[in-house]
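Each protein sequence line maps, in turn, to chains V and S.
First residue of the first sequence? That's 1 in this note's numbering, and the numbers climb one at a time after it.
First residue of the second sequence? That's 1 in this note's numbering, and the numbers climb one at a time after it.
For glycine and all other residues, C-beta sits at the position ideal for the given N, C-alpha and C.
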Amino acid sequence: MEATIPVLILAMPLLMFLFLGLFGKFLSPRVSGIIGTAGMGVVLLMCYYTAYVYFFSGSPEFINAEGNRLQAIICNVDWLQFTDNLIIRLGFLLDPISAMMLVVISTISFMVHLYSNGYMRDHHGVYERGFQRFYAFLALFSFSMLGLVVATNIFQMYIFWELVGASSYLLIGFYFTKPSAVAASKKAFIVTRFADLGFLIGILVLSYYTGTFNFTDMTSVPVAGMNDVYAVSAETATGVFNIFQSKAAAGFMGCSVMTWALVLIFMGGMGKSAMMPLHIWLPDAMEGPTPVSALIHAATMVVAGVYLVARLFPLFLVNAEFGGYALDVVTWVGAITAAYAAMVACTQLDIKRVLAFSTISQIAFMMVSLGVSREEFHNLGYMASMFHLFTHAMFKALLFLGAGALIHAVGSNDYTDMHGLRKHMPITHITFLIGCLSIAGIIPFSGFFSKDEILSSCFGNSIFAYVWMSAVAALTAFYMFRLYFLIFWWKEHKVHEGHHAPKDQPWTMTLPLIILAVVATLCGLIPFGNYVTWDGHPYDFMAHFNWTIAGISLAVAVIAILVAARMYKTENPLPAKMRQAMPRLWDWCRNRFYFDELYMFITHKIIFDKICRPIAWFDRHIIDGTMDGLATITNKASYAIRGLQSGNTQNYVWVYLIGALALGGVTVAVIFLFC
Amino acid sequence: MNFEFEWNSIMFLIPSLFMFCCGVYGFLTRRNMIAILISLELMLNAVDMNFVVFNRFLYPGQLDGMFFTLFAIAIAAAETAIAIAIIINAFRISRDIDVKDLSKMKF
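Right under this line is the structure:
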């Protein structure tokens, strides 16, 4: 494939960012919105074209004679050359998951660009302050995220990883006059940066032992008992092999180096994907504008952690084969996070918070799915995880954009201000309902298929994982329909005096909703296994479809929805009774299990008070004291001898003469004594 | 180094030493800047003489010392020009060339 279009995919959003960022203030908001949306539309077309060529062209570059999809490096430029071996390259890697991500990112990003034209104005059509800046940041984010998924090597991924973090920071703090938004943006940045520390150490460890940064070299595995993951020549297929051949004995604290490296890299993924205990930034990140939440904090950036694990999945799998714990860590973190986030989501008031916790829970589903994926079950989990990533991006973006439409119409994030909106906003109502049905896993909506794949792979791995994740899936259906019924039913909407009744939003906002609703309904029918599997070999999951598991999960979801309908469809005292029945649990869920307080305690009471203060004291008194002492001595000594500089030339000559004579005398004496 | 050579060289070095000491004395005791400049020239010439003497008696086949002296004379001329320019400017400012009165540059 020619490199022109792939390079343009990255260059377009970057140029748009520079153009809108530098010249945006000379443009009217309307024009810059149109430019931003049109530019993203071009990127969308180019991404679709690239994915189409990758999946359907049948070129030998992308698919071999046996029908396995290959990894193809479209271009690779040396960017920084430190030594002969340590070269950091920037390039464009096409393989099933990156091509799939190109589609996801460009679709959601375009929808969000379109939607923001309507969302970022008030009811009178006046644009938000900094509208051009908003589009510039959106373009920057799109650039970073596209660069992340097509990274050819782990260092490029790390660079773009930080760039998405930075653009997320900028967009969360878009309303920079609002203190809570500023605090949220800082929190997001610091927490993810902290996680990235682990990621960086993991990269260094991994690349030290494998001797390469390149994904293609790292993940090609000529180890006995394993398939050749991707067709790579023998001399480049050194990565994992090196770890096991030469450094097998190396270990630290009971785990092999490889386990440590992978767990540390996974820590980076935990930060970005808001896995417990590094999830605390994501609910606060909802302070950003809602389209940003849809794009960054639901569909694309937060799944970067899943993508990272998927990208390095062959390494994780080899690690598991050799008895390492890295995949178990992924599973456990995912399983605990999924349950935690689902429980918390049942009690939140702010609709965006509910959706945020739901996102955390769904990403945890993907993590679990990767974690339980094993060779014996054709690595169904890997495919399921990517499938769920795809469908989740669509329906969660839909839900967020629907929530944005509600917030825009009502002017509040709180669902207690919303009740009974179904008659006022029919389009939003229907699309939101489709999103809820999809996430709850009702046939034939997309979430049903992807969630069923995940549950099947859990079932294949262990019955415990299956039961656990099914329970979480039931909770998911419950809290989503709780939200749905509380927003659209419960009681009649009361319009306050002097306010307009809420109504459907302009076409720029409803069109993305409709498109995404259609996509969320239909994209579950894509034969995903034909396109994305861990080894590129097509896997027809419909042929292996387990109708028992599907039936059970469907029944569970329907029961959960019925329970939610019974409790929240009309105004009744049942929810309040339930809350009183288990006050302790309710309090804990409502306060997110006091994680923020725990973090405050650890950072303030322990780190600040017990560690930072003594260090600050040492700095002020010992280090600064030494420097101050030196300065004082110099100062005093200078005052003492300043009389020497009298301004009287002949005095200087006296001093000089005496000094010269003394020096001469000393020299002569030394010569006489020692020669 | 033979006896005859030492005597011959010392016959030249003694006047040079005398000139140098006169220069130092004049430099330290005179108040008039022109007189100080003259004392300075005296010291420089004493040094130049030493160069010539040592070159002549220690390395008779070479000319390094002679050339150095020529350079020193040339530079001394330039230096004198500068010194006189400074003195004239100092006189313009303070109507005085007494070195004791030019002591503004101090701590």
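Cutoff 8 Å: residue i Cβ touching any chain V Cβ
i	result
S/V24	yes
S/L28	yes
S/F18	no
S/F51	no
S/M105	yes
S/V47	no
S/M1	Because S/M1 sits at a pLDDT of 47, beneath the cut-off of 50, its placement in the model cannot be relied upon, and the following sentence gives the value as read from the coordinates. Chain V, which has no Cβ nearer than 8 Å to the Cβ of S/M1, makes this no.
Cα-Cα separation, residue i to residue j
i	j	result
V/A341	V/L282	11 Å
S/F108	V/Y652	In the structure displayed, chain S extends from 1 to 107; residue 108 of chain S sits before or after that span and is not available.
V/F481	V/K396	14 Å
V/A72	V/M383	19 Å
S/S16	S/M43	9 Å
S/F51	S/A72	10 Å
S/F20	V/T632	44 Å
S/A85	S/A76	14 Å
V/G269	V/V330	10 Å
V/M46	V/I607	49 Å
V/T533	V/M111	27 Å
V/L598	V/V354	21 Å
V/H123	V/P583	41 Å
V/F176	V/L22	19 Å
V/M425	V/K187	35 Å
S/C22	S/D96	25 Å
S/I14	S/E41	18 Å
S/M49	S/T69	8 Å
S/S39	V/I622	56 Å
V/H279	V/S185	14 Å
V/I559	V/N461	26 Å
V/I97	V/A310	8 Å
V/F528	V/S167	31 Å
For residue j and residue i, believed in contact at Cβ under 8 Å, the rounded distance
i	j	result
V/G198	V/M267	3 Å
V/L206	V/A261	4 Å
V/A465	V/V372	6 Å
V/I87	V/D78	5 Å
V/S273	V/G323	Rounded, the Cβ-Cβ distance is 26 Å, inconsistent with contact.
V/E321	V/F387	At roughly 24 Å, the Cβ-Cβ gap does not stay under 8 Å, so V/E321 and V/F387 are not in contact.
V/P13	V/F143	4 Å
V/W161	V/L170	Contact doesn't hold; Cβ gap of about 15 Å is too wide.
V/V104	V/F313	Actually they do not touch by this definition, with Cβ atoms about 18 Å apart.
V/G211	V/L138	Not a contact, Cβ separation roughly 39 Å.
Short CB-CB distance (under 8 Å) between residue i and chain S
i	result
V/T667	no
V/N635	no
V/T626	no
V/L661	no
V/R721	Outside the shown range of chain V, which is 1 to 675, sits residue 721 of chain V, and nothing can be said about it.
V/G655	Note that residue 655 of chain V is Val in the sequence shown here, rather than Gly. Output row for V/V655: interface = no.
V/Q650	yes
V/G21	no
V/G647	yes
Sub-8 Å separation of residue i and residue j beta-carbons
i	j	result
V/F55	V/A3	no
V/A364	V/G334	yes
V/H408	V/Y115	no
S/M11	S/I87	no
V/I108	V/A393	yes
V/F477	V/A557	According to the sequence shown, residue 477 of chain V is Ala rather than Phe. Contact flag set, yes.
V/L486	V/Y415	yes
V/K423	V/W489	no
V/N319	V/T259	yes
V/T203	V/Y135	The identity of residue 203 of chain V in the sequence shown is Ile, whereas the question assumes Thr. No, Cβ-Cβ distance for V/I203 and V/Y135 is not below 8 Å.
V/Y127	V/R133	no
S/R56	S/K100	no
V/G730	V/I172	A query on residue 730 of chain V cannot be resolved here, the shown segment of chain V reaching from 1 to 675 and no further.
V/I74	V/F92	yes
V/T219	V/L146	no
C-beta neighbour in chain A for residue i, strict 8 Å
i	result
V/F595	The structure shown has no chain A; the protein chains it does contain are V and S.
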